[in-house]
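What follows is one structure encoded as structure tokens, with my remarks underneath.
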Amino acid sequence: MPSNIQSLVGKFFGNVELETCRDANVSRPRVRPISQFSRETKVEFPRQLREIFPIGTKYIATVKVCQKHENGETKGQPYLKAYDIAVVASSVKDEGLMARVKKGSISGLSYEYVWKTRQ
1133 MPSNIQSLVG KFFGNVELET CRDANVSRPR VRPISQFSRE TKVEFPRQLR EIFPIGTKYI
1193 ATVKVCQKHE NGETKGQPYL KAYDIAVVAS SVKDEGLMAR VKKGSISGLS YEYVWKTRQ
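Per the working numbering, the sequence shown starts with residue 1133, numbered consecutively.
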């Protein structure tokens, strides 16, 4: 696991294990690294993949360490952007907690979680 992620901005890492999870601070499903990086590192990840598979689904991806900027200054912490994403099929269960956008959500970013059984 890299100890100083800021020194890695702009670099790519292959075969990084990721998983979907719930975040106590936001309603939308989150993706976190489970190998090579701290689990607290934020991951930019396609919304559709976060919504069609249950929480806990694992992925293998190439990630790039990124940093946002505003007015020439760094903004926030470095984060990972996922590319070349593959679902780990054995991690997709027949049933599980699924994220869906709440009815009436104006922004489309407010989620609720429901237990689903695949048919």
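Using N, Cα and C, we set each Cβ at its ideal position, and we do this for glycine too. None of these values were measured; they are calculated from a predicted model.
Residue environment, residue i, which counts as buried when at least 16 other CB atoms sit within 10 Å
| i | result |
| --- | --- |
| Arg1182 | buried |
| Ala1221 | exposed |
| Ser1239 | exposed |
Residue j beta carbon less than 8 Å from that of residue i
| i | j | result |
| --- | --- | --- |
| Val1224 | Tyr1191 | no |
| Val1175 | Leu1140 | no |
Cβ neighbours of residue i in the same chain (closer than 8 Å, five flanking residues each side left out)
| i | result |
| --- | --- |
| Thr1206 | Gln1199, Lys1200 |
Rounded straight-line distance, which links the Cα of residue j to that of residue i
| i | j | result |
| --- | --- | --- |
| Pro1165 | Phe1144 | 14 Å |
| Ala1193 | Ser1237 | 30 Å |
| Pro1161 | Ile1187 | 8 Å |
| Leu1241 | Val1233 | 7 Å |
| Gln1138 | Ile1217 | 23 Å |
| Met1133 | Arg1179 | Annotation note: pLDDT 43 at Met1133 (below 50); position unreliable, coordinate value reported separately. Distance between the alpha carbons of Met1133 and Arg1179: 26 Å. |
| Val1246 | Glu1227 | 10 Å |
| Arg1171 | Val1158 | 16 Å |
| Thr1173 | Pro1210 | 8 Å |
| Tyr1243 | Ala1231 | 6 Å |
6 Å CB neighbourhood of residue i in its chain, flanking five on each side removed
| i | result |
| --- | --- |
| Asp1155 | Arg1162 |
| Thr1152 | Pro1161, Val1163, Arg1182, Ile1187, Thr1189 |
| Gly1208 | Lys1200 |
| Lys1235 | none |
| Val1195 | Phe1145, Val1148, Leu1212, Ala1214 |
| Gly1142 | none |
| Phe1177 | Val1163, Ala1214 |
Cβ shell of residue i (< 7 Å), same chain only, five flanking positions each side left out
| i | result |
| --- | --- |
| Leu1229 | Pro1186, Ile1187, Tyr1245, Trp1247 |
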